[in-house]
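Line order of the protein sequences matches chains A and B. Under this note's numbering, the first residue of the first sequence carries the number 47, and numbering increases by one thereafter. Under this note's numbering, the first residue of the second sequence carries the number 9, and numbering increases by one thereafter. Take a look at the structure set out below.
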Amino acid sequence: MNEDLVGYALEYARSKNVDYAEIRAQNQQQDALLLRNGILETYTSAVDRGFCVRVIANGGIGFASTNKWTKEEAKVIVDLAYKYAKVAKRKDKINFTEEKGIKTMWKVDQKKKIEDIHPETRIAKFIEIDKAIVSCGVNVPARVGSCTIDLVEKYFVNTEGSQISSFVPKIGAYFFITVVEQGKTEQAYEQFGYSGGWEAFENWKATEKLRHNAEILKEVITKGRAIKPGKMDLICGPEVTGIAAHESCGHPMEADRILGREMSQAGRSFIYDGGPFWIGTKIGSDAVTIVDDPTIEHSYGYYKYDDEGIKARQRYLYKNGVINEFLHNRESAAKLGTRSNGASRSVNYDREAIVRMANTFVLSGNMTEEEIIEDVKYGVFMKSFTEWNIDDKRFNQRYVGREAYIVEQGELKHLVARPVIETTTEKFWKAVDAVSKKAEFDAATCGKGDPMQGIPVYTGGPCIRLRGVYVK
Amino acid sequence: MSEVLTKTQEIAKKAKSLGAEEVIAKTTFGKYRQTRFSKNQIDITVAWNDYVTDVGLAWKKRLVATQIRNFQNVDERLKQLFELAKVSKENPMFGGFAKGKFKYAAGSTDKKLEDLENPEEYVFEAINAAEKEVGSQIDSGGVLFTKFEDVYLVSSEGPVGVDGRSSIELSIRAFSEREASGHGVECSSTLKDFKPSRAGIKAGKVARLAKNPKMGEEGVYDVIFDPLIFGSMLAVWASMVSAFSVMVQMSVFVNKLGQKVAPKIVTLKDNPAAYSLAGRVFDDEGVPTRENVFIDHGVLKTYLHNTSTAKIFKTETTGNAGLVFPGPWNVEMNPGDIGKDELFKEVKRGLYLTNTWYTRFQNYAKGDFSTIPRDGIFLVEKGEIKQSLKDLRISDNASSLLNNIAMISKERQHVHWWGEVDPPSLSPYVLIKDVHITRSK
Numbered sequence: 047m048n049e050d051l052v053g054y055a056l057e058y059a060r061s062k063n064v065d066y067a068e069i070r071a072q073n074q075q076q077d078a079l080l081l082r083n084g085i086l087e088t089y090t091s092a093v094d095r096g097f098c099v100r101v102i103a104n105g106g107i108g109f110a111s112t113n114k115w116t117k118e119e120a121k122v123i124v125d126l127a128y129k130y131a132k133v134a135k136r137k138d139k140i141n142f143t144e145e146k147g148i149k150t151m152w153k154v155d156q157k158k159k160i161e162d163i164h165p166e167t168r169i170a171k172f173i174e175i176d177k178a179i180v181s182c183g184v185n186v187p188a189r190v191g192s193c194t195i196d197l198v199e200k201y202f203v204n205t206e207g208s209q210i211s212s213f214v215p216k217i218g219a220y221f222f223i224t225v226v227e228q229g230k231t232e233q234a235y236e237q238f239g240y241s242g243g244w245e246a247f248e249n250w251k252a253t254e255k256l257r258h259n260a261e262i263l264k265e266v267i268t269k270g271r272a273i274k275p276g277k278m279d280l281i282c283g284p285e286v287t288g289i290a291a292h293e294s295c296g297h298p299m300e301a302d303r304i305l306g307r308e309m310s311q312a313g314r315s316f317i318y319d320g321g322p323f324w325i326g327t328k329i330g331s332d333a334v335t336i337v338d339d340p341t342i343e344h345s346y347g348y349y350k351y352d353d354e355g356i357k358a359r360q361r362y363l364y365k366n367g368v369i370n371e372f373l374h375n376r377e378s379a380a381k382l383g384t385r386s387n388g389a390s391r392s393v394n395y396d397r398e399a400i401v402r403m404a405n406t407f408v409l410s411g412n413m414t415e416e417e418i419i420e421d422v423k424y425g426v427f428m429k430s431f432t433e434w435n436i437d438d439k440r441f442n443q444r445y446v447g448r449e450a451y452i453v454e455q456g457e458l459k460h461l462v463a464r465p466v467i468e469t470t471t472e473k474f475w476k477a478v479d480a481v482s483k484k485a486e487f488d489a490a491t492c493g494k495g496d497p498m499q500g501i502p503v504y505t506g507g508p509c510i511r512l513r514g515v516y517v518k
Numbered sequence: 009m010s011e012v013l014t015k016t017q018e019i020a021k022k023a024k025s026l027g028a029e030e031v032i033a034k035t036t037f038g039k040y041r042q043t044r045f046s047k048n049q050i051d052i053t054v055a056w057n058d059y060v061t062d063v064g065l066a067w068k069k070r071l072v073a074t075q076i077r078n079f080q081n082v083d084e085r086l087k088q089l090f091e092l093a094k095v096s097k098e099n100p101m102f103g104g105f106a107k108g109k110f111k112y113a114a115g116s117t118d119k120k121l122e123d124l125e126n127p128e129e130y131v132f133e134a135i136n137a138a139e140k141e142v143g144s145q146i147d148s149g150g151v152l153f154t155k156f157e158d159v160y161l162v163s164s165e166g167p168v169g170v171d172g173r174s175s176i177e178l179s180i181r182a183f184s185e186r187e188a189s190g191h192g193v194e195c196s197s198t199l200k201d202f203k204p205s206r207a208g209i210k211a212g213k214v215a216r217l218a219k220n221p222k223m224g225e226e227g228v229y230d231v232i233f234d235p236l237i238f239g240s241m242l243a244v245w246a247s248m249v250s251a252f253s254v255m256v257q258m259s260v261f262v263n264k265l266g267q268k269v270a271p272k273i274v275t276l277k278d279n280p281a282a283y284s285l286a287g288r289v290f291d292d293e294g295v296p297t298r299e300n301v302f303i304d305h306g307v308l309k310t311y312l313h314n315t316s317t318a319k320i321f322k323t324e325t326t327g328n329a330g331l332v333f334p335g336p337w338n339v340e341m342n343p344g345d346i347g348k349d350e351l352f353k354e355v356k357r358g359l360y361l362t363n364t365w366y367t368r369f370q371n372y373a374k375g376d377f378s379t380i381p382r383d384g385i386f387l388v389e390k391g392e393i394k395q396s397l398k399d400l401r402i403s404d405n406a407s408s409l410l411n412n413i414a415m416i417s418k419e420r421q422h423v424h425w426w427g428e429v430d431p432p433s434l435s436p437y438v439l440i441k442d443v444h445i446t447r448s449k
C-alpha cells in the first residue's frame, strides 16, 4: 500500500476549500473457483488495488476513484470529487457528525493462513465436497459450487486526523443443487462465509449440510404433502428466523433508507418521520429482540472500524418488540441529530460507503427447541426456506419452506411441500410468543447500492414460534 | 495501432511464450460517472476510472483467469497465472477460444459522454418534468449514469478488435404521496437521443394516477405489463436461454429446443445493437456479435453460446461469450400489431403493473417464482384505470407467463434499471392472461 501517495492525495484535497475529505485505499487479492458437476470450470486470481477520495464542499458530496497509483492521477480524482461536490447546489447542506480522529491498526487472525493453502488443495477440497454429494444416494444431476477468497488490506485517512489500517481475510462458498426424482425437480442453495483462515471448513460442516439438503429434497419430492391453508402456529428454524430478521428488521432500520436516499433502488422503509412507526413504537411482541452486531469475531460481517473510521458496536434494532435504534453512517446520523453507530460499509475502493447491516439476528430466549414444539397443537416447523422476498418498504414479505414439517400435538409428523407464509412485518413479529436458547448463523450476501454492493453478512437466531398465522 | 492495443497484444504474446496454449486479453479503459439524487436534491456525484485487462489463459484444457490493473506487474501476474494453470484441473468440456480473423462493424462512442459537463442539469430536467405532473409536493429520487469505454481485445486464436462503448441512462422514481409512486427510465447510447424529461413525465404521470391506493385483492387477473416491468420478465427468460443456465438446470428451457414455448405472436431475440446501453461489436472471445432470435413465433430456436458450450450442444457460437459463461446482451421482443391504447381497451377487468423488484425462484427448472410489483399498480375495467392498488405480489410460473402472452403493443421502449431490468431490453406493453396475484394475510 503506497501510504505516501494516499497522504499526498489527502493533503491535495485539504488544500482545496473542502469541509471534509477522506482517502480510502484498498488492496484486494481475490481468488475464485467455480465447479460445475465436479469439473473445475475456471480458477480466477486477481489483485485489485486502488483508492478513492470523498469530499464535502459547498454542502455537497463528491466521490472519485482510480486504480492508477500516480500523483497526477491522485490530483485528477481529487479535482473531480471537488468539482462534483460543488455541482450539487443543495438547498440543505450535507454535514457529517463530528468525530475525533483515530489512529489504529486492526486485523483478523487466521489459524490456518489462507495464503499457505495451495490452490491445488483448495480445488481438491471442493471436488471432495462434490463427490460427497454425488455419493449420498440421491440423484443430483446439476451441481454448482463456488469459492471466493478475499484478502483485503485497507488504509483510511481523513482530514480529522484518522489513520486506520486493517487486514481482513474472508472466505465464502456457495452451492446450488438440483435433485431429480420421479421426473420431478427440487432445488436448493447453501451459502457459507467466514472472516479468518482455512479453518472455516471445520466450522461449516459443508459436506454434511449439502448431503442433508439433497436427501431432504428427495423426500420432499417423494413424501412431501401439500398443506391445507389456514391459520396455524408456525415455528421458524434459525435460517428462517435469520432471513426474516434481516429483511423485515435490518433493512427497514437503515437510516439512509428511512431518509429516502435509497428510494429509487432498494426503496424506502415503513418507518418514517410522521408515520405510524418510529423509535419507541411497538412492532413485535415482548419476546422479540433483534440485534445487529459487527463485533462477532470471525463472523462473515465482522469489522472493528467501519469504512468511515467509526468504531463498530452492537446495535439493538428492535428491543423487546419496540423500535429502538437505527443503523447509521455519519451523514444519516447528522440528519437525524444523533451519532454514527459505525454501520458504513463499502465493498471496494471504487464504491461509496453506505449504511449496511453486519450480522443481524434475533436474540436467544430461554426455551429449548423441544419445549417450543411440544406446545403446538397444529402447525408447521419451517426449518429452511427457498423462495423469499419483501416489498421495498419492507412490510410485505413471503417465505417458502424448503425443509418443513407438520407439527401435531407437539410432535413432528410428515414433510410438507413448500408451505408459504405471506404476511406483514408487524403481524410476523407480533405473533412471536417463544424463542429458543440455541442460536445459529448463516452467511449471506446482502444487496444494496447503485452500482450494487453485495456485502458479507450473517443472518440468524434461534427457533421462534408464531401463534395463529396464516400458512398456505 | 494504439499504444493500448499494442500493450494488450504484448500480454497475449507473453502468456503464449510462457507456455499457454490459448490466451485472450481484453483491456477496458472505462470512465464511469454517476449522480444520485433523492428528496429532489443531489446527494452525491461519483466518478470512477478503471484501467483493467482481463486475461483468460488455457493450458491442457485448464482455464484460468486474472485481471491486470493499469498494465502493472504484467510479467509477475502472467507467471503466477501460468503456474496456476499447471496446478488447476482439466475441464474436458472446454472447447477452446474462438478461432479465425473477423471483421467487425465500427464501434462507436459519443465523446460527449466521456466527461459529461453539468450532469446536474439532466437530473433537474427529469425532476422538473415529474414535478409538472405531480405538483410541488413531489418527492423524487434516482440516478444519472454515464459509461464511456474503450475496449481492446487480442486473442492468440486470431481475433483482434477495438470497440467503443458509451451510454447514458437516467432512472427516476417520483412520489406524489407516501404510498403513491411512479418510475421512469431513459436509456441511450448517445447524448442526442437522451431525453431525461421523458423519464420524469412517465414517473410523474404514474405517481399522480397512483394516489389514494387501496389494498389489492388476491386472484387470477389479466395483467397489462408496462415496458419497465416486462423488461424484468425479458431478463428472466433471456438469462434462462444462456447455455450455461440450461446446463445447470437454472432454466425452464432444458430439453425444449425446437418446441413451442410461447404463443405464435412471441418472437424474442438478443441483439446488442448500436442504440443499446449494451451495444458491442464483439463478444469476450472476439466473435462478432449478432442478432440471435431465440424464440421465433413461439418456438425455442437456440440457446446462447460461447465456443465451449456450442461444442457441447453440437452447434456454433452465437457471439455471446463472457470470459466464462455465455449470456444475453440486449433483449428485444418483436412488436405486436396493436397500439397501447387499443391493448388497454381489450381488458374488461384486470391489472396494469408498472414496475417490480425482488424476483426470486423456488425452482428455476420448474419456473415457480414470485416478484413484488412496486410503483403504480392499477385496477383496469373496460380499458380504463379505475383504482390505484397496493401491496400485491405476482406468484406464478415463468413458463406459464410466457405461454399466456395474449397481446403485444406496437410501441416499445429501451429499458434498463438497476439489477431489476438487466440486461437491458427493447420492451413493449404486453397483456398476459390468468396471472396469479397474492397478498399478505
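Cβ atoms here follow ideal geometry from the backbone N, Cα and C, with glycine treated the same way.
{"Check": "If the cut is a Cβ gap below 8 Å, which residues of chain B does GLY551 (chain A) touch?", "Outcome": "Outside the modelled stretch of chain A, which goes from 47 to 518, sits residue 551 (chain A), for which no answer is possible."}
{"Check": "Can you tell me whether ILE400 (chain A) is buried or exposed? The criterion is at least 16 other CB atoms within 10 Å of its CB, across all chains shown.", "Outcome": "buried"}
{"Check": "Which residues of chain B have a Cβ atom closer than 7 Å to the Cβ of MET498 (chain A), listed in chain order?", "Outcome": "GLY427"}
{"Check": "Name the residues in the stretch 362–396 of chain B whose C-beta lies less than 8 Å from a C-beta of chain A; which are they?", "Outcome": "TRP365, TYR366, THR367, ARG368, PHE369, GLN370, ASN371, TYR372, ALA373, LYS374, ASP376, PHE377, SER378, THR379, ILE380 and ARG382"}
{"Check": "Roughly how many angstroms lie between the CA atoms of TYR235 (chain A) and TYR220 (chain A), to the nearest whole one?", "Outcome": "7 Å"}
{"Check": "For VAL82 (chain B), which residues in chain A fall below 7 Å Cβ to Cβ?", "Outcome": "Per Cβ cutoff of 7 Å: no residues; VAL82 (chain B) is ~12 Å from chain A at best."}
{"Check": "Hey, is THR406 (chain A)'s beta-carbon within less than 8 Å of any beta-carbon in chain B?", "Outcome": "no"}
{"Check": "Who does PHE386 (chain B) pair with in a DSSP beta bridge?", "Outcome": "B:TYR360 and B:SER396"}
{"Check": "Alpha carbon to alpha carbon, what distance is there between VAL82 (chain B) and THR167 (chain A)?", "Outcome": "26 Å"}
{"Check": "Terminal residues of the continuous beta strand (DSSP E) containing TYR59 (chain B)?", "Outcome": "49–67"}
{"Check": "Would you please state the rounded distance, in angstroms, between the beta carbons of THR194 (chain A) and THR74 (chain B)? I believe it to be under 8 Å.", "Outcome": "Incorrect: roughly 15 Å between the Cβ atoms, too far for contact."}
{"Check": "List the residues of chain A whose Cβ lies closer than 9 Å to the Cβ of ASP147 (chain B), in chain order.", "Outcome": "GLY306 and MET309"}
{"Check": "Identify the contact partners of GLY150 (chain B) in chain A, using a Cβ-Cβ distance below 7 Å as the criterion.", "Outcome": "SER310"}
{"Check": "Using a Cβ cut-off of 8 Å, pull out every chain A residue sitting near VAL72 (chain B), in sequence order please.", "Outcome": "THR88, TYR89, THR90 and SER91"}
{"Check": "Can you find the residues in the same chain that come closer than 6 Å, C-beta to C-beta, to ALA480 (chain A), ignoring five residues on each side of it along the sequence?", "Outcome": "MET413, ILE418 and ARG511"}
{"Check": "Within 8 Å (strictly less), CB to CB, does GLN360 (chain A) reach chain B?", "Outcome": "no"}
{"Check": "Below 6 Å CB to CB, which residues in the same chain sit around GLY495 (chain A) once its five sequence neighbours on both sides are set aside?", "Outcome": "ILE400"}
{"Check": "With three or more beta-carbon pairs closer than 8 Å as the criterion, would you say the stretch 10–17 of chain B touches the stretch 125–136 of chain B?", "Outcome": "no"}
{"Check": "Could you tell me which residues DSSP puts in a beta bridge with ASP234 (chain B)?", "Outcome": "ASP234 (chain B) pairs with nothing; no bridge assigned."}
{"Check": "Does any C-beta atom of chain B lie closer than 8 Å to the C-beta of ASP438 (chain A)?", "Outcome": "yes"}
{"Check": "Report yes if the CB atom of ILE445 (chain B) is closer than 8 Å to the CB atom of LEU217 (chain B), and no otherwise.", "Outcome": "no"}
{"Check": "Quick one: grab the DSSP three-state call for TYR130 (chain B).", "Outcome": "helix"}
{"Check": "Can you check the stretch 285–331 of chain B for any beta strand (DSSP E) of at least 3 residues that lies completely inside it and give the ranges in chain order?", "Outcome": "300–304"}
{"Check": "Report the CB separation of GLY288 (chain A) from GLY507 (chain A) in whole angstroms; it is logged as a contact under 8 Å.", "Outcome": "5 Å"}
{"Check": "Please compile the residues from chain A whose C-beta is within a distance smaller than 7 Å of the C-beta of LYS449 (chain B).", "Outcome": "GLU468, THR469 and TYR516"}
{"Check": "How long is the line joining the alpha carbons of GLU433 (chain A) and GLU87 (chain A), rounded to whole angstroms?", "Outcome": "27 Å"}
{"Check": "Less than 8 Å separating the beta-carbons of ILE173 (chain A) and LEU81 (chain A)?", "Outcome": "yes"}
{"Check": "What is the DSSP secondary structure of LEU410 (chain B), counted as helix, strand or coil?", "Outcome": "helix"}
{"Check": "In the DSSP assignment, the alpha helix (DSSP H) including PHE247 (chain A) goes from what residue to what residue?", "Outcome": "246–250"}
{"Check": "Chain A partners of SER179 (chain B), CB-CB under 7 Å?", "Outcome": "SER310"}
{"Check": "Listing by chain order, which chain B residues have their CB less than 7 Å from the CB of ALA188 (chain A)?", "Outcome": "VAL256 and GLN257"}
{"Check": "Is the beta carbon of TYR360 (chain B) sitting closer than 8 Å to the one on PHE333 (chain B)?", "Outcome": "no"}
{"Check": "Between ALA523 (chain A) and the rest of its own chain, which residues show a CB-CB distance below 6 Å, the 5 nearest in sequence each way excluded?", "Outcome": "The question about residue 523 (chain A) has no answer here: the residues shown for chain A are numbered 47 through 518."}
{"Check": "Do the stretch 253–265 of chain A and the stretch 476–491 of chain A touch if we need at least three Cβ pairs shorter than 8 Å?", "Outcome": "no"}
{"Check": "For the 8 Å Cβ check, are there 3 or more pairs between the stretch 426–445 of chain B and the stretch 200–216 of chain B?", "Outcome": "no"}
{"Check": "Let me check understanding here. Comparing Cα to Cα, which of B:LYS319, B:SER408 and B:ALA28 lies closest to MET101 (chain B)?", "Outcome": "B:LYS319"}
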